[in-house]
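Just so you know, the protein sequences line up as chains L and F, in that order. In case it helps, our numbering puts the first sequence at residues 1 to 324. In case it helps, our numbering puts the second sequence at residues 1 to 481. In this text, a Cβ means the ideal position worked out from N, Cα and C, and glycines have one as well.
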Amino acid sequence: DSSQSFLRGHGTRVDAQGTLRSTVCGSVERVNKLVTVRPVKARYTAEVGDVVVGTVREISGKRWKVDLRSWSDGILHLSAVNLPGGVQRRRTWEDELNMRNVFGEGDVLCAEVQSVHGDGTVALHTRNAKYGKLRGGQLVQVPAFLVKRQKQNFLSLVALDEGFSAGSGAGGANLGGVAVVLGYNGTIWVCDASTLDLRSSSKKFLDDTDTDEEEEGGGEAMETDHGDAADNAADAGGGGAETAGGGRTEDGKAHESGSALYSICTVANIVRALGRLSLAITGESITQGCRLAQSLKVEPHSICEDDFLEKLVEQEALRRLTVG
Amino acid sequence: LAASEAGAGAGKDCDSDMSISSSGEEDPASLDSVSEELKDFVKLQGLRQRVMDSLLRSDSWSSYLCAGRLVHVIDGTTDWGWGIIVSVFKKVKHGGNGFVGGGDGISSSYIFDVIVPCRAAQGREGQGEGEGAIVLPLEKSIRNIAGMEHKPTPAIIPVSGACVAEISSLRVGLPRNLKGPDGQRKVQMTISSVVKKYGANNLPLLHPSRDMNLEDLDECWFEINSLKPKFSGSARDASRVGTAKGPLKKVGHWDCRGIQRAMEIEAKVAEIEAKIKDSQVTVFDREIKLRSEVLKELGHIDATSVLQLKGRAACEIDTADELMASELMLEGAFNTLDVHQVVAVASCLVPVENTQAVVDVQPALKEPLLALKAAAQRIGDVSKAKGLEIDVEEYVQSFKSTLMNVSYSWSRGSSFSEISAMTDLFEGSIIRAMRRLNELIMQLHAASVAIGDEKLAEKFQKAAQSIQRGIIFAASLYVES
Numbered sequence: 001d002s003s004q005s006f007l008r009g010h011g012t013r014v015d016a017q018g019t020l021r022s023t024v025c026g027s028v029e030r031v032n033k034l035v036t037v038r039p040v041k042a043r044y045t046a047e048v049g050d051v052v053v054g055t056v057r058e059i060s061g062k063r064w065k066v067d068l069r070s071w072s073d074g075i076l077h078l079s080a081v082n083l084p085g086g087v088q089r090r091r092t093w094e095d096e097l098n099m100r101n102v103f104g105e106g107d108v109l110c111a112e113v114q115s116v117h118g119d120g121t122v123a124l125h126t127r128n129a130k131y132g133k134l135r136g137g138q139l140v141q142v143p144a145f146l147v148k149r150q151k152q153n154f155l156s157l158v159a160l161d162e163g164f165s166a167g168s169g170a171g172g173a174n175l176g177g178v179a180v181v182l183g184y185n186g187t188i189w190v191c192d193a194s195t196l197d198l199r200s201s202s203k204k205f206l207d208d209t210d211t212d213e214e215e216e217g218g219g220e221a222m223e224t225d226h227g228d229a230a231d232n233a234a235d236a237g238g239g240g241a242e243t244a245g246g247g248r249t250e251d252g253k254a255h256e257s258g259s260a261l262y263s264i265c266t267v268a269n270i271v272r273a274l275g276r277l278s279l280a281i282t283g284e285s286i287t288q289g290c291r292l293a294q295s296l297k298v299e300p301h302s303i304c305e306d307d308f309l310e311k312l313v314e315q316e317a318l319r320r321l322t323v324g
Numbered sequence: 001l002a003a004s005e006a007g008a009g010a011g012k013d014c015d016s017d018m019s020i021s022s023s024g025e026e027d028p029a030s031l032d033s034v035s036e037e038l039k040d041f042v043k044l045q046g047l048r049q050r051v052m053d054s055l056l057r058s059d060s061w062s063s064y065l066c067a068g069r070l071v072h073v074i075d076g077t078t079d080w081g082w083g084i085i086v087s088v089f090k091k092v093k094h095g096g097n098g099f100v101g102g103g104d105g106i107s108s109s110y111i112f113d114v115i116v117p118c119r120a121a122q123g124r125e126g127q128g129e130g131e132g133a134i135v136l137p138l139e140k141s142i143r144n145i146a147g148m149e150h151k152p153t154p155a156i157i158p159v160s161g162a163c164v165a166e167i168s169s170l171r172v173g174l175p176r177n178l179k180g181p182d183g184q185r186k187v188q189m190t191i192s193s194v195v196k197k198y199g200a201n202n203l204p205l206l207h208p209s210r211d212m213n214l215e216d217l218d219e220c221w222f223e224i225n226s227l228k229p230k231f232s233g234s235a236r237d238a239s240r241v242g243t244a245k246g247p248l249k250k251v252g253h254w255d256c257r258g259i260q261r262a263m264e265i266e267a268k269v270a271e272i273e274a275k276i277k278d279s280q281v282t283v284f285d286r287e288i289k290l291r292s293e294v295l296k297e298l299g300h301i302d303a304t305s306v307l308q309l310k311g312r313a314a315c316e317i318d319t320a321d322e323l324m325a326s327e328l329m330l331e332g333a334f335n336t337l338d339v340h341q342v343v344a345v346a347s348c349l350v351p352v353e354n355t356q357a358v359v360d361v362q363p364a365l366k367e368p369l370l371a372l373k374a375a376a377q378r379i380g381d382v383s384k385a386k387g388l389e390i391d392v393e394e395y396v397q398s399f400k401s402t403l404m405n406v407s408y409s410w411s412r413g414s415s416f417s418e419i420s421a422m423t424d425l426f427e428g429s430i431i432r433a434m435r436r437l438n439e440l441i442m443q444l445h446a447a448s449v450a451i452g453d454e455k456l457a458e459k460f461q462k463a464a465q466s467i468q469r470g471i472i473f474a475a476s477l478y479v480e481s
């Protein structure tokens with residue numbers, strides 16, 4: 001093919017002889033005359049409009065640097081967040097000094113990519129009720145390419161008697177329901193559905209610093225829990241005990257019970273398992289994994305063990321056969 | 001703004017929806033089993049009723065509906081024929097009397113005693129006209145199956161105003177004794193001679209505005225006269241109103257009213273539905289769906305509405321038609337062109353005023369122009385196929401080649417006086433268009449960076465630089481910068 005009639009997209013180049021060659025290992029995509037090669041496994045590259053979950057790495061000069069597990073940190077500017085109390089005003093030196101009260105170092109937050117500059121700098125913003133600090137849950141890190149672009153990032157899984165069924169939308173306010181925030185950068189947050197609700201409603205009343213501190217304490221306990229691979233299988237059980245401590249302080253609600261933590265741990269470990277098996281992470285795959293775990297009566301801490309992983313793979317293979 | 005409009009529109013829609021459902025509940029009779037002819041007949045009767053109602057409301061009705069007046073009696077679909085009014089009285093509405101239906105129109109509260117040729121019920125020939133005698137409408141054909149003639153016997157029957165279909169302008173003198181055989185014979189002869197003279201359907205009628213001084217009924221009258229010929233009936237019909245196709249089903253008066261009411265409700269429902277259809281919110285929703293379909297077809301978004309690479313490239317462009325620009329770029333139309341041709345092709349996407357002169361593009365630009373028109377045709381066809389109301393010809397013509405020669409020459413280095421001589425556009429328009437063209441080319445550059453083709457991006461960069469010179473891009477006309 002004459003290289004003139006094709007447009008060379010990302011991941012391709014024309015060599016000295018004039019043939020179009022791929023520069024990365026991946027799958028070829030063609031749109032009209034455009035040829036792109038999408039790499040199989042790569043660091044997350046931010047696109048405008050992506051929802052990402054990251055941890056605050058440092059605070060300096062009116063901006064937070066957020067670790068996105070990408071080529072560079074995301075920059076969250078002070079003017080790109082909603083100030084507590086919901087006021088809209090010019091940010092003053094007081095706001096700058098109080099940045100730690102909004103997001104401190106180590107906080108997990110959910111944001112949207114506002115723009116990507118020519119040099120690769122990623123600008124984030126949290127100017128929406130559904131973005132902001134995440135608390136009361138578990139952080140799971142998986143390879144970024146497993147989280148594909150989809151319509152809904154904020155999933156709410158409802159625990160029924162027979163099993164889990166997934167719904168979409170932020171916060172179903174269900175007892176024992178689990179909410180999952182899928183970040184395109186491969187970081188996933190699993191928490192109780194009601195805390196997601198609470199957080200979005202508490203966006204308006206962030207003046208009650210008491211709850212903030214408690215939740216921060218709970219949040220930090222969560223932080224130490226994140227990690228990938230099956231080595232954490234035992235830790236997940238231990239992490240469950242830790243969350244119990246944090247959960248009790250933050251959940252003023254009477255419904256707080258072991259079952260909510262159980263669900264969160266199950267879902268989080270399912271996500272870890274999917275990550276380990278390199279299966280795409282979507283609402284359906286998480287739900288099916290949870291159903292399988294429930295039907296086989298597998299405890300959360302044994303989800304990441306090899307026997308269950310095998311069964312998960314079998315289920316996926318079966319699904320692909322029937323679909324394809 | 002859009003949200004508040006949507007709210008207001010949705011409010012109206014709610015009302016419309018509610019009124020449709022309540023109308024639906026009111027309608028007991030289903031109109032599915034009713035034939036078209038019957039519906040037309042009910043409509044005709046409804047119109048006649050309107051005329052009657054308005055007559056009875058006026059002050060001088062008694063001078064028209066008086067003794068001796070010839071009237072046509074139709075009850076449901078049963079045609080009793082022409083008769084003569086004997087007397088009239090107004091029925092007092094009793095509370096518990098189920099006779100008079102509420103909202104039935106003023107006509108039904110008037111009862112006319114009309115003497116009409118009937119035939120006695122079978123087996124009761126000659127039983128007399130005492131109370132309780134049963135009479136049947138006269139059959140139009142005077143021969144029955146057995147071949148016997150039915151003797152028409154005039155009888156006085158109470159007719160509700162709602163059953164008086166037509167009022168003739170003829171008035172006859174009534175004999176004093178209507179019950180005796182003499183009187184009856186006279187009446188019978190009068191009626192039959194009148195009917196014979198004019199034909200049953202052609203008796204001279206009282207005109208609402210000319211004869212009865214009723215206002216605003218001309219349209220109604222016109223419609224009545226246009227519907228009437230349909231029901232001239234067949235000759236051998238048995239006293240039933242019929243069309244050329246045959247007699248209508250036997251439907252009683254109240255059933256006819258029910259059908260009429262059902263038709264009215266149907267019309268109302270259709271009106272509300274049309275209103276909903278035209279309301280802004282639904283139009284907006286519809287258009288959004290269609291446009292999303294077009295985007296899916298062209299590849300900007302995938303089946304689950306997730307933005308694709310082509311869509312991201314199209315997002316970079318806003319000074320011109322995004323669909324066209326991204327289509328051109330991804331079809332490789334710019335690949336084979338040199339820098340100056342790129343400028344010329346991009347200039348077709350810039351909106352410009354109409355000129356009188358027909359532009360003859362340079363030979364180097366003819367092929368690219370054809371490619372551009374082909375791309376426009378493709379987009380127009382896809383849009384039309386998905387259901388958008390678009391005139392494909394007009395869409396293709398909207399990309400004008402007026403600026404092609406101008407921008408080509410400017411890019412190659414001509415002076416401003418040379419290029420303004422090439423076209424009859426105003427100089428100011430040329431400058432505005434070229435500046436806009438510059439913006440467009442920079443956006444095309446950004447789009448090609450998004451796609452990942454560096455060669456193309458470089459080409460656009462060079463193209464933008466080739467036109468950024470001279471008086472067109474001078475920051476100030478008074479100071480040399």
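Pick from the options: whose alpha carbon is nearest that of residue i?
i, options, result
"Leu504/F", "Thr336/F, Val358/F, Ile472/F and Met434/F", "Because chain F is modelled from 1 through 481, residue 504/F falls outside the range shown and cannot be assessed."
"Glu439/F", "Lys39/F, Ser160/F, Ser305/F and Ala464/F", "Ala464/F"
"Asp218/F", "Ala333/F, Asp302/F, Ser420/F and Arg48/F", "Arg48/F"
"Lys179/F", "Gly199/F, Val194/F and Ile156/F", "Ile156/F"
"Ala162/F", "Ser107/F, Ile317/F, Trp221/F and Ala364/F", "Ser107/F"
"Phe154/L", "Ala129/L, Pro143/L and Asp15/L", "Ala129/L"
"Glu36/F", "Met434/F, Leu227/F and Trp254/F", "Leu227/F"
"Met212/F", "Phe473/F, Ser401/F, Ser54/F and Leu403/F", "Ser54/F"
Give a yes or no on whether the C-beta atoms belonging to residue i and residue j are separated by under 8 Å.
i, j, result
"Ile379/F", "Met324/F", "yes"
"Thr36/L", "His77/L", "no"
"Val114/F", "Ile85/F", "yes"
"Gly289/L", "Ile264/L", "no"
"Val350/F", "Ala376/F", "no"
"Ala447/F", "Ser326/F", "yes"
"Gln356/F", "Asp424/F", "yes"
In whole angstroms, what is the alpha-carbon distance linking residue i and residue j?
i, j, result
"Val87/L", "Ala80/L", "13 Å"
"Val345/F", "Gln362/F", "12 Å"
"Val56/L", "Ser278/L", "27 Å"
"Leu290/F", "Val352/F", "28 Å"
"Val359/F", "Phe416/F", "18 Å"
"Ala320/F", "Asn354/F", "17 Å"
"Trp93/L", "Arg13/L", "49 Å"
"Arg291/L", "Ser259/L", "16 Å"
"Gln260/F", "Ser398/F", "52 Å"
"Gly126/F", "Pro181/F", "Any reading at Gly126/F must be qualified, since the residue scores a pLDDT of 40, below 50, and its modelled position is unreliable; the value itself is stated next. Taking the straight line from one Cα to the other gives about 12 Å."
Just to check my reading of the structure: residue i and residue j have Cβ atoms closer than 8 Å, yes? What is that Cβ distance to the nearest angstrom?
i, j, result
"Pro84/L", "Val102/L", "7 Å"
"Val53/L", "Val181/L", "6 Å"
"Pro208/F", "Pro154/F", "In fact, because the Cβ distance is near 29 Å, the residues do not count as touching under 8 Å."
"Val142/L", "Gly186/L", "5 Å"
Give the secondary structure of residue i by DSSP, where H, G and I count as helix, E and B as strand, and everything else as coil.
i, result
"Asp79/F", "strand"
"Thr12/L", "strand"
"Gln362/F", "coil"
"Trp61/F", "helix"
"Tyr110/F", "strand"
"Val306/F", "coil"
"Glu29/L", "strand"
"Ile224/F", "helix"
"Ala531/F", "Given that chain F is displayed from residue 1 to residue 481, the structure contains no residue 531/F and the question cannot be resolved."
"Trp64/L", "strand"
"Ala357/F", "coil"
"Ser160/F", "strand"
"Pro208/F", "coil"
Report yes if the C-beta of residue i is less than 7 Å from at least one heavy atom of the ligand ATP; otherwise report no.
i, result
"Lys462/F", "Annotation note on the ligand ATP: not contained in the displayed structure, which lists no ligands."
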